[in-house]
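Take a look at the structure below.
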Amino acid sequence: GLPLIRVYTVKEKELSVTDVGSQNELNDLIGKVEWAWVDCYDLDDEETMILSGLLGVEATTLDGIENGKVRPSYAKCRDEECPYYTWISTPAVEFAGELKLHPLSIILKERFLITLRSGYSSRLIESTLRTFRALRPEERKPSVTLGKLLAEIIDENSHAMVSIRELIDKIE
């Protein structure tokens with residue numbers, strides 16, 4: 001099948017793309033770079049374990065969040081060692097005759113941007129990458145990439161909302 005964990009990194013100011021299949025491969029890769037975008041879609045159990053290792057989140061919790069069944073909880077951490085991260089869980093909304101919600105999680109942790117998603121969101125990722133490639137090297141940061149990705153999601157979802165609104169108006 002298709003690679004399900006794809007890692008984008010910047011080396012010598014160039015965007016580099018690597019598909020990883022094990023915890024060791026992932027650790028090796030991220031050990032060598034300043035920051036990485038880890039993009040995951042339709043993960044199986046083994047890949048969920050790899051990701052839970054990177055995040056320090058239990059695999060069952062991760063699985064639930066990825067499927068949109070568990071809301072990420074932000075336990076306040078009293079311990080300085082605690083991995084701090086920002087977790088945004090939002091569906092990509094598709095409306096073509098019927099309403100479909102595609103779970104999408106974005107995690108910003110230290111020097112990683114992690115996206116957990118279904119294949120539906122590939123276009124949003126591609127579009128974000130195009131924008132990323134066009135940025136000046138010093139602008140290529142996880143937070144900037146996150147901003148671009150959120151803009152793509154908002155744009156996508158607002159199109160769906162407009163279509164739903166139009167349908168409601170017709171019904172009324």
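Mapped onto this note's numbering, the consecutive letters of the sequence shown carry residue numbers 1 to 172. Here a beta-carbon is modelled for each residue, glycine too, at the ideal position from N, C-alpha and C.
Delimiting residues of the alpha helix (DSSP H) encompassing Leu55 = Here the question's residue 55 lines up with position 55 in the sequence shown. Run containing Leu55: Asp45 to Leu55, per the alpha helix (DSSP H) assignment.
Going by alpha carbons, who is nearest to Arg111 out of Leu54, Glu25 and Asp169?
-> Here residue 111 refers to the residue found at position 111 when the sequence shown is read from its first residue. Cα-wise, what sits closest to Arg111 is Leu54.
Mapping DSSP to helix, strand and coil, what is Arg117?
-> Here the question's residue 117 lines up with position 117 in the sequence shown. DSSP places Arg117 in strand when its eight states are reduced to three.
Buried versus exposed call for Tyr8 [16 or more other C-beta atoms within 10 Å across all chains shown] | Numbered from 1 along the sequence shown, position 8 holds the residue referred to as residue 8. Buried, since its Cβ has 16 or more Cβ neighbours within 10 Å.
Do you know how far the Cα of Asp19 is from the Cα of Leu129?
-> In the sequence shown, counting from the first residue as 1, residue 129 sits at position 129. In the sequence shown, counting from the first residue as 1, residue 19 sits at position 19. Spanning the two alpha carbons is a distance of roughly 16 Å.
Tell me, please, which residues DSSP counts as bridged to His102.
-> Residue 102 sits at position 102 when you count from the first residue of the sequence shown. In the DSSP output, where bridge partners are listed per residue, His102 has Ala92.
CB contact flag (Leu150, Trp37, <8 Å) = The residue you call residue 150 lines up with position 150 of the sequence shown. The residue you call residue 37 lines up with position 37 of the sequence shown. Cβ atoms of Leu150 and Trp37: not closer than 8 Å.
Going along the chain, which residues of its own chain have a beta-carbon closer than 8 Å to the beta-carbon of Glu12, five neighbours each way excluded?
-> Taking the first residue of the sequence shown as position 1, residue 12 is located at position 12. None.
Extent of the continuous beta strand (DSSP E) run through Val10 = Translated into positions along the sequence shown, residue 10 becomes position 10. Start and end: Ile5 to Lys11.
Within 8 Å, strictly: CB atoms of Ile153 and Ala92 | Numbered from its first residue, the sequence shown carries residue 153 at position 153. Numbered from its first residue, the sequence shown carries residue 92 at position 92. Contact flag set, yes.
For my contact list, Asp39 and Thr115 are in at a C-beta cut-off of 8 Å; report their separation, rounded to the angstrom.
-> Sequence index remark: in the sequence shown, residue 39 carries index 39 (1-based). Sequence index remark: in the sequence shown, residue 115 carries index 115 (1-based). Right, the Cβ-Cβ distance comes to about 5 Å (below 8 Å), so this counts as a contact.
Tell me whether the beta-carbon of Ile5 lies closer than 8 Å to the beta-carbon of Glu47.
-> As a working mapping, residue 5 is identified with position 5 in the sequence shown. As a working mapping, residue 47 is identified with position 47 in the sequence shown. The answer is yes: Cβ separation under 8 Å.
Going by alpha carbons, who is nearest to Val17 out of Leu51, Ser89 and Arg133?
-> Start at 1 with the first residue of the sequence shown, and residue 17 comes out as number 17. Of the listed residues, the one whose Cα sits closest to Val17 is Arg133.
Can you grab the Cα-Cα spacing for the pair Asp79 / Gly56, in whole Å?
-> By one-based count along the sequence shown, residue 79 stands at place 79. By one-based count along the sequence shown, residue 56 stands at place 56. Unreliable positioning characterises Asp79 in this predicted model, as indicated by a pLDDT of 49, which lies under 50. A coordinate reading is not provided.
Coarse secondary structure for Asp42, derived from DSSP in three states | The sequence position of residue 42 within the sequence shown is 42, counting from 1. If DSSP states are grouped into helix, strand and coil, Asp42 belongs with coil.
Determine the contact status of Pro137 and Leu108, defining contact as a CB-CB distance below 8 Å.
-> For the purposes of this step, residue 137 is taken as the residue at position 137 of the sequence shown. For the purposes of this step, residue 108 is taken as the residue at position 108 of the sequence shown. No.
Tell me, to the nearest whole angstrom, how far the beta carbon of Asp28 is from that of Gly119; I am working on the premise that it is less than 8 Å.
-> Sequence index remark: in the sequence shown, residue 28 carries index 28 (1-based). Sequence index remark: in the sequence shown, residue 119 carries index 119 (1-based). Asp28 to Gly119, Cβ: 27 Å. No contact.
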